[in-house]
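**Q**
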Amino acid sequence: MFHIDSMKLLLGFIVLWPLAGFLINGLGRKYRSKKAIASYACSLIFASFVVSVFAFFKVNSNGGEVIHYFDFIRVGSLHIPFEFQVDQLTCIFLLIITGVGLLIHVYSAAYMKEESQEHYGRYFSFLNLFIFFMLILVLGANYVIMFIGWEGVGLCSYLLIGYWFKNNEYNKAANKAFIMNRIGDLAFLIALFWLVNKLGTVSFSEVFQAQNLQRLSSGDITIITLLLFVGAAGKSAQIPLYTWLPDAMAGPTPVSALIHAATMVTAGIYMVARSNALYSLSSLSMNVVAITGLATAILAATIALKQNDIKKVLAYSTVSQLGYMFLALGVGAYSAGVFHVMTHAFFKALLFLAAGSVIHAMGGEQDIRNMGGLSKKIRITFITFLVGCIAISGIPPFSGFFSKDAILLAAFEHNKILYAVALFGALLTAYYMFRLFFLTFSGSFRGKPEQEQHLHESPPRMTVPLIILAILSLVGGFVGIPAVLMNGGDRLSAFLSPVIPIQTGETVSHSTELALMGISTLAVIITIVIAWLNFRHYRMKEEKGFGKILENKWYVDELYEQVIVRPIAWMGNFFSSIFERSVVDGMVNGVGRAVQYGSRQLRLLQSGQVGSYVLLMVVSILVIFIIQFFLRK
Amino acid sequence: MGAMPVNYYIFLSLALFCIGIVGVLTRRNAIIIFMCIELMLNAVNLLLVAFSKMHHLKNMAVDATAGTDGQLFVFFIMVVAAAEVSVGLAIIVMMYRNTHSVDVNFLNRLKH
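Sequence order for the protein chains is A and B. The numbering of the first sequence is the numbering used here, which starts it at 1 and goes up by one. The numbering of the second sequence is the numbering used here, which starts it at 634 and goes up by one.
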């Protein structure tokens, strides 16, 4: 059936189906029923998912390949083809994007059902467009194609954060996300130009060739990798560009789950993992990545301790987990980072969707101080949320344990201090997640009575994705189970080895590895017990002292406001009101006025007296003669 | 003619031309201005003829027709000038009919 060039066809279908969904739903949103819109969107993503599974098996047996579609840019010596590269790393992302994307589409169909038909169509068309661009991002065989997807997902993120565009706060959040991403994108672009300048190519297969890497000086590599990392930090919400992600929670909850937890924000990790050949050559960049990641992980975790909006806690948790992934990349454990991307996609999508279910049950309430005691009322959501919390906290055998443990182990091998701080962050994670959990589900209900009346479990279209994701969160970690626990373990690293070479440095002994696992598990369990003691019966109280600083997110937004936004706004104001008005307008109006004045004077010459014209003519001719004969020499 | 140096012609022509200019500049009567323009035109014609004759005398031995084209030119100019005079005089006649004057300063209406 696919005998011509089956991979070419497969990848084309993977990408084109979501695009078709975007066009059908986007253009026909006024004429199609909500049911039709949802079924089209979901079935097209499902088709994409099925093809991705095919592609996965093909890659598993035949290895990766690069497929040429057409020439994208051909200028002088610069040649950028439109190519897709499908290999082990891409496959994992393909499955995450289409698989989790499918579940979230199904969930959205029920979650968004109160929207009017036109907006419903708009929502699904954006969601499909997002999947399309995300697939382009991970399939692109060179940095330019990746950049197309990179910009595209940024656009969709903007559109979906500002989905409820009648609320101006949401529009501002969308703008914030877009503008902060622009900073990163600019760095990405510069890195791209740098590569073109130095190597004349941006294709992964060519850039990562050994002889091409040797042509780059170590300074070049450091600059390129650092610039790429700034790009990744923008997209993946790392210090100092992380503040857009919590605000991005303005979008609908499934959007937060899909874009701002499971897929788009991991694009930065994908990019760094993809560029591992470059990063491995610059220890400075690696250290920057690791330290930035760890700092972000800790900072976001501390903020999450005191947030009261259910989605904000999850958002900061996402930032924190992304920090862990960058820590893994920075210590050279690329496959551990990708592993955590995968497990995180499962449990964070689960947590967000469960949070959406909670919000749905509460009738739009997002403040966990007004929740409590929901465990009896919404049983499925409660259990799945618990699974998500355990998974993210890292208790075996849930998926988060294995991926987080792989990162912690890599950090331990690299540097003991990094390990200690990362472990501390992991405890914070367990603490704030279970604070969230206990505040939401245990104790007694603290909301309004009418909300209590309204409490109900979500429809199956929402709970089924939750259950599937909960199962994935439970078993998803087994693909990367470490060798120490099972014979033939580390299967993920082995699978990824064609793309990400396995590190062959000094490794810790098995007993140390087991001890580390025991320590982290024990510490996490103790932390959860502390959280249980503290938040089992929550009473609302005013935060003060350090807690207040944390509640206000270390005042980072205020700092940015003062240090960056205000001066720029002041400058803009200065330029618009003073510079523009006096200098630019002055110049333009001055020219106009000079011409007007001059012509008013010149007009007097046109007296209508023929004699004066002739006189002028004669005088001018005389002058020309004089110049011609006497002066021009 | 061969004895007379070309300078004389030049001076005469220059004098005629200057008279013409001064006449155009100072007089207001359209007919006189017109005559002065003719004077200037003919000063130039005279110059053309004088130079062409000079040219002819100098290069006769090499080329029998040298310099004759300048004189031919003068005929053309005369024909065109005659045509121009007829048009110009017609305009002046029309002007007199309309304004009962041939004063050029009277004709500054186009300004407004």
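Built from N, CA and C at the ideal position, the CB exists for glycine as well.
Under 8 Å: does the beta carbon of residue 380/A sit that close to some heavy atom of the ligand SAH?
**A** You won't find the ligand SAH in this model; it holds no ligand whatsoever.
**Q** To the nearest angstrom, how far is it from the Cα of residue 679/B to the Cα of residue 668/B?
**A** Going by the C-alpha atoms only, they are around 16 Å apart.
**Q** Could you compute how far the alpha carbon of residue 682/B sits from the alpha carbon of residue 626/A?
**A** Roughly 26 Å between the two C-alpha positions.
**Q** What distance in whole Å lies between the Cβ atoms of residue 55/A and residue 14/A, which are believed to be in contact at a cut-off of 8 Å?
**A** 7 Å
**Q** Should residue 142/A go down as buried or exposed, given a rule of 16 or more other Cβ atoms within 10 Å for buried?
**A** buried
**Q** Write down the C-beta distance between residue 89/A and residue 499/A rounded to the nearest angstrom, noting that I regard them as a contact closer than 8 Å.
**A** 4 Å
**Q** Helix, strand or coil for residue 447/A per DSSP?
**A** coil
**Q** Just confirm the distance between the C-beta atoms of residue 316/A and residue 300/A, as a whole number of angstroms; I'd bet it's less than 8 Å.
**A** 5 Å
**Q** I'd like the list of long-range same chain contacts for residue 194/A, defined as Cβ closer than 6 Å, with 5 residues on each side in sequence excluded.
**A** Only 224 meet the Cβ criterion.
**Q** Beta carbons nearer than 8 Å to chain B: which residues of the stretch 600–618 of chain A have them?
**A** 606, 607, 608, 609, 610, 611, 614, 615 and 618
**Q** Considering only residues of the same chain and omitting the five flanking positions on each side of residue 49/A, which have a CB-CB separation below 7 Å?
**A** The answer, listed in chain order, is 98, 99 and 102.
**Q** Once you ignore the five residues that flank residue 614/A on each side, which residues in its own chain have a CB closer than 8 Å to its CB?
**A** A distance below 8 Å between beta-carbons, with the five flanking residues on each side excluded, links residue 614/A to no residue of its chain.
**Q** Check whether the stretch 266–278 of chain A touches the stretch 398–411 of chain A, counting contact only when three or more Cβ pairs, one atom from each stretch, lie closer than 8 Å.
**A** no
**Q** State the DSSP-derived secondary structure class of residue 1/A, mapped to helix, strand or coil.
**A** Bear in mind that a pLDDT of 43 at residue 1/A, under 50, signals an unreliable position, so the number given afterwards is only what the model happens to contain. Note: residue 1/A maps to coil in three-state DSSP.
**Q** With a cut-off of 9 Å, does the C-beta of residue 664/B fall near any C-beta of chain A?
**A** Look at residue 664/B: its C-beta is not under 9 Å from any C-beta on chain A.
**Q** Please list, in chain order, all residues of the same chain as residue 644/B whose beta carbon is under 8 Å from its beta carbon, the five residues on each side excluded.
**A** none
**Q** For the pair the stretch 30–46 of chain A and the stretch 138–157 of chain A, tell me if three or more CB-CB distances fall below 8 Å.
**A** no
**Q** Within 10 Å of its beta-carbon, does residue 553/A have 16 or more other beta-carbons around it, so buried, or fewer, so exposed?
**A** buried
**Q** Report yes or no: is there a C-beta of chain A within less than 9 Å of the C-beta of residue 737/B?
**A** yes
**Q** Using CA atoms only, rank isn't needed, just tell me which of 42/A, 382/A, 241/A and 422/A is closest to residue 321/A.
**A** It is 422/A.
**Q** Are the stretch 374–389 of chain A and the stretch 458–469 of chain A touching by the rule of at least three beta carbon pairs closer than 8 Å?
**A** When Cβ pairs closer than 8 Å are counted between the two stretches, the stretch 374–389 of chain A is seen to touch the stretch 458–469 of chain A, the count reaching three or more.
**Q** With DSSP as the reference, label residue 634/B as helix, strand or coil.
**A** With a pLDDT of only 48 at residue 634/B, under 50, the local geometry of the prediction cannot be trusted, and the value read off the model is given with reservation. Look at residue 634/B here: in three-state DSSP terms it is coil, with no helix or strand label.
**Q** Using a Cβ-Cβ cut-off of less than 9 Å, list which residues of the stretch 710–728 of chain B approach chain A; keep chain order.
**A** none
**Q** Out of 236/A, 596/A, 111/A and 581/A, point me to the one whose CA is closest to residue 460/A's CA.
**A** If we check each option's Cα against that of residue 460/A, 111/A comes out closest.
**Q** Using a Cβ-Cβ distance under 9 Å, would residue 582/A count as near chain B?
**A** no
**Q** Is it right to say residue 17/A is buried, meaning 16 or more other beta carbons lie within 10 angstroms of its own, or is it exposed?
**A** buried
**Q** Thinking C-beta only, is residue 311/A closer than 9 Å to residue 253/A?
**A** In this structure, the beta-carbon distance from residue 253/A to residue 311/A falls below 9 Å.
**Q** Going by beta carbon distance, what residues of the same chain come within less than 6 Å of residue 360/A, once the five residues before and after it are set aside?
**A** For residue 360/A, where only same-chain residues beyond five positions count, the Cβ hits under 6 Å are 458.
**Q** List the residues of chain A that residue 658/B touches, going by C-beta distances under 8 Å, in chain order.
**A** 611, 614, 615 and 618
**Q** Answer yes or no: do residue 527/A and residue 434/A have a C-beta to C-beta separation smaller than 9 Å?
**A** yes
**Q** Tell me the residue span of the alpha helix (DSSP H) that contains residue 247/A.
**A** 244–247
**Q** Which residues in chain E sit within 7 Å of residue 654/B, going by Cβ to Cβ distance?
**A** Although the question refers to chain E, the structure presented lacks it and instead comprises the protein chains A and B.
**Q** My output table needs one value for residue 75/A: the three-state DSSP class, helix, strand or coil.
**A** strand
**Q** Please determine if the stretch 469–485 of chain A and the stretch 507–523 of chain A are in contact, where contact requires at least 3 C-beta pairs separated by less than 8 Å.
**A** yes
**Q** Closer than 8 Å is the cut-off here; do at least three beta carbon pairs connect the stretch 173–190 of chain A with the stretch 230–237 of chain A?
**A** yes
**Q** State yes or no: is the beta carbon of residue 681/B nearer than 9 Å to at least one beta carbon in chain A?
**A** Contact of residue 681/B with chain A is not assigned, every C-beta pair being separated by 9 Å or more.
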